[in-house]
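For the sequence shown, position 105 (counting from the first letter as 1) is numbered 105 according to UniProt numbering, and the numbering increases by one without interruption.
All C-beta atoms in this analysis are idealised placements derived from N, C-alpha and C, irrespective of residue type, glycine included.
Down below is the structure, laid out as structure tokens.
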Amino acid sequence: MRIILNEWNLVAQQARRTRDYFDRVERGEENQQFNGFLSHGEARDELSLLTREAAVRILAYLDVDDLARCAQVCRNWKMLTQSSMLWSKLDLHRTSDVLDDRLAMRFIQRARPYLQHLNLRKCSRIGRLTFLGNSIFCETQPKTKC
């Protein structure tokens, strides 16, 4: 029981130090240059420190390729890239040179619950089955613009 109380005390002290640090930063008392790390050693980046809504709005400017790369950075970025706002419009024409049936279906299935706009312009490597499946999907989704 004593070990548990000691560990709890250490966690509480660390939380207090972190809170005090951010209070000093807000008041302008902390003049150190931000280096991307919190005081307890956990790596953080500027995007992760933003509110979820602000980070998602920034990520909304990226295309599908870049979103896929961002999802590989860390767990927090992966969670941000899975926001429904980012998958309501799917423009696959920018990836037309590498886009095949398998990859197209993965993107479309990923976006399917949120998809409102699908752009397959210049996607010449997509086969009939993918195109047929997407056209059926467009017919069943009343708000979707294909």
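Check your understanding: How big is the Cα-Cα spacing for Gln-13 and Arg-110?
Key -> Stepping through the sequence shown from its first residue, residue 13 is reached at position 13. Stepping through the sequence shown from its first residue, residue 110 is reached at position 110. About 42 Å.
Practice item. Please classify Gln-14: does DSSP put it in a helix, a strand, or coil? Key: For the purposes of this step, residue 14 is taken as residue 14 along the sequence shown, with counting starting at 1. Of the three classes helix, strand and coil, the one that applies to Gln-14 here is helix, per DSSP.
Practice item. Measure the C-alpha to C-alpha separation of Met-105 and Leu-120 and round it to an integer number of angstroms. Key: Within the sequence shown, residue 105 is the residue found at index 105, counting from 1. Within the sequence shown, residue 120 is the residue found at index 120, counting from 1. Cα to Cα, the separation comes out at about 12 Å.
Practice item. Please determine, among Thr-18, Lys-89 and Leu-59, the residue with the shortest C-alpha to C-alpha distance to Asn-76. Key: Position 76 of the sequence shown, counting from 1, holds the residue named residue 76. It is Leu-59.
Review point. On the three-state DSSP scale, how would you describe Asp-91?
Key: Here the question's residue 91 lines up with position 91 in the sequence shown. Asp-91 falls in the strand class under three-state DSSP.
Check your understanding: Hey, how far is the Cα of Leu-5 from the Cα of Ala-15?
Key -> Translated into the one-based positions of the sequence shown, residue 5 becomes position 5. Translated into the one-based positions of the sequence shown, residue 15 becomes position 15. Near 15 Å, if we compare the C-alpha coordinates of Ala-15 and Leu-5.
Review point. In terms of residues, what are the limits of the alpha helix (DSSP H) holding Leu-103?
Key: Within the sequence shown, residue 103 is the residue found at index 103, counting from 1. Here the alpha helix (DSSP H) through Leu-103 covers 101–111.
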